[in-house]
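Novice: Encoded as structure tokens, here's the structure I'll be asking about.
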Amino acid sequence: MTSKKVIELFYDVVSPYSWLAFEVMCRYRTVWNIDLKLRPAFLGGVMQGAGNKPPGMVPNKFLYMNKDLARLAEYFNVPLHPPSDPVEAMFNKGSLNAMRFVKAVQETGGDQQVEKVSRELWRRIWSQDKDITQPTSLAEAAQKAGLGRSEVEELQKLCTTQEIKDKLKRSTQDALEYGAFGFPMMVCHINGKAEMFFGSDRFEVMAHCLGEKWHGPQPVRFEMSSAKL
739 MTSKKVIELF
749 YDVVSPYSWL
759 AFEVMCRYRT
769 VWNIDLKLRP
779 AFLGGVMQGA
789 GNKPPGMVPN
799 KFLYMNKDLA
809 RLAEYFNVPL
819 HPPSDPVEAM
829 FNKGSLNAMR
839 FVKAVQETGG
849 DQQVEKVSRE
859 LWRRIWSQDK
869 DITQPTSLAE
879 AAQKAGLGRS
889 EVEELQKLCT
899 TQEIKDKLKR
909 STQDALEYGA
919 FGFPMMVCHI
929 NGKAEMFFGS
939 DRFEVMAHCL
949 GEKWHGPQPV
959 RFEMSSAKL
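Quick note on this note's numbering: the sequence shown kicks off at 739 and runs consecutively.
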């Protein structure tokens, strides 16, 4: 088997489209010959650094996004339900504290643990209409992801340190240097070249560039149906 191609997935749990891409890439980690690297970063910093405007700043785009997410939730089989006040959740509260916490989890527990915690934070904001900014909220998400109380307490201390703040800034800057202007953003390293893909609707093109096959957002279903033929 040829060596695995590396894919870096830059994401922020405040982004619903990032949740879709996150779940698809986690599903394809064992389908494609890839080494998936999770790169939690701060979307607000990317938007500011790239001079981009969030969808909520364009009324028609914001209205479309709500309809679009309802369709995509079913298509991707992700329990995505917008919060009752998306503007408050996404723009006023934001995700800086949450992403610092996620970065602290990654530094201590690696990608396996950060995957579980990230998913629980997405569930809170984009499925259960709950807060992701307060220490108690972060603790609840981490404990649901399987972390012990003492581990959570240490993480809450760690995420306020300058070291973690700087590492989150570094991930955000890395995304900008690749050309990011929003999330999700995936960087495929193919034959020594970095290919950047934005959004949760470029998987077919990504598969083509990787020399892999796209089997839809739920490859397990594809494998089961193929086995019956």
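Heads up, the beta-carbon is just placed ideally off N, CA and C, and yes, glycines get one too.
In chain order, what are the residue ranges of uninterrupted alpha helix (DSSP H) at least 4 long that sit wholly in the stretch 894-949?
Specialist: 900-916, 941-948
Novice: Kindly identify the DSSP beta-bridge partner or partners of Glu826.
Specialist: Stepping through the sequence shown from its first residue, residue 826 is reached at position 88. DSSP output for Glu826 lists no bridge partner at all.
Novice: To which residues does DSSP link Pro778 through a beta bridge?
Specialist: Position 40 of the sequence shown holds residue 778. Beta-bridge pairing links Pro778 to Tyr749.
Novice: Taking Cβ positions, are Phe780 and Met837 nearer each other than 8 angstroms?
Specialist: Taking the first residue of the sequence shown as position 1, residue 780 is located at position 42. Taking the first residue of the sequence shown as position 1, residue 837 is located at position 99. Going by C-beta atoms, Phe780 is nearer than 8 angstroms to Met837.
Novice: Helix or strand or just coil, what does DSSP make of Ile863?
Specialist: Within the sequence shown, residue 863 is the residue found at index 125, counting from 1. The answer is helix: DSSP assigns Ile863 an H, G or I state.
Novice: With distances taken Cα to Cα, identify the nearest neighbour of Phe829 among Ala877, Gln956, Ile863.
Specialist: The sequence position of residue 829 within the sequence shown is 91, counting from 1. When each option's Cα is compared against that of Phe829, the closest is Ile863.
Novice: With distance defined between alpha-carbon atoms, name the residue in Gly847, Asn929, Ser938, Pro820 nearest to Gly949.
Specialist: Taking the first residue of the sequence shown as 1, we reach residue 949 at position 211. Of the candidates Gly847, Asn929, Ser938, Pro820, the one whose C-alpha sits nearest the C-alpha of Gly949 is Asn929.
Novice: Tell whether a beta-carbon distance below 8 angstroms holds between Val752 and Ser865.
Specialist: Here residue 752 refers to the residue found at position 14 when the sequence shown is read from its first residue. Here residue 865 refers to the residue found at position 127 when the sequence shown is read from its first residue. In terms of Cβ geometry, Val752 and Ser865 do not form a close pair [threshold 8 angstroms].
Novice: Let me make sure I understand the geometry here. Which of Leu810, Gly783, Ile772 has the alpha-carbon closest to that of Gly954?
Specialist: As a working note, residue 954 is residue 216 in the sequence shown. The residue with the shortest Cα to Cα distance from Gly954 is Leu810.
Novice: Taking C-alpha atoms, which residue in Ser875, Ser888, Gly848 lies nearest to Leu776?
Specialist: Against the sequence shown, residue 776 aligns to sequence position 38. Nearest to Leu776 by C-alpha distance, out of Ser875, Ser888, Gly848, is Gly848.
Novice: With 16 other CB atoms within 10 Å as the buried threshold, where does Arg908 fall?
Specialist: Within the sequence shown, numbered from 1, the residue matching residue 908 stands at position 170. Exposed, because fewer than 16 other Cβ atoms sit within 10 Å of the Cβ of Arg908.
Novice: Can you tell me the Cα-Cα spacing of Ala877 and Val890, whole angstroms?
Specialist: Mapped onto the sequence shown, residue 877 falls at position 139. Mapped onto the sequence shown, residue 890 falls at position 152. Spanning the alpha carbons of Ala877 and Val890 requires a straight line of approximately 6 angstroms.
Novice: Is it the case that the Cβ atoms of Met924 and Ala913 are separated by a distance below 8 angstroms?
Specialist: For the purposes of this step, residue 924 is taken as the residue at position 186 of the sequence shown. For the purposes of this step, residue 913 is taken as the residue at position 175 of the sequence shown. Against a cut-off of 8 angstroms, the Cβ pair of Ala913 and Met924 comes out as no contact.
Novice: Can you tell me the Cα-Cα spacing of Pro797 and Lys791, whole angstroms?
Specialist: To locate residue 797, count along the sequence shown from 1; it is residue 59. To locate residue 791, count along the sequence shown from 1; it is residue 53. Going from the Cα of Pro797 to the Cα of Lys791 covers about 12 angstroms.
Novice: Could you check where the alpha helix (DSSP H) with Trp757 kicks off and where it finishes?
Specialist: Working through the sequence shown from its first residue, we reach residue 757 at position 19. Start and end: 754-766.
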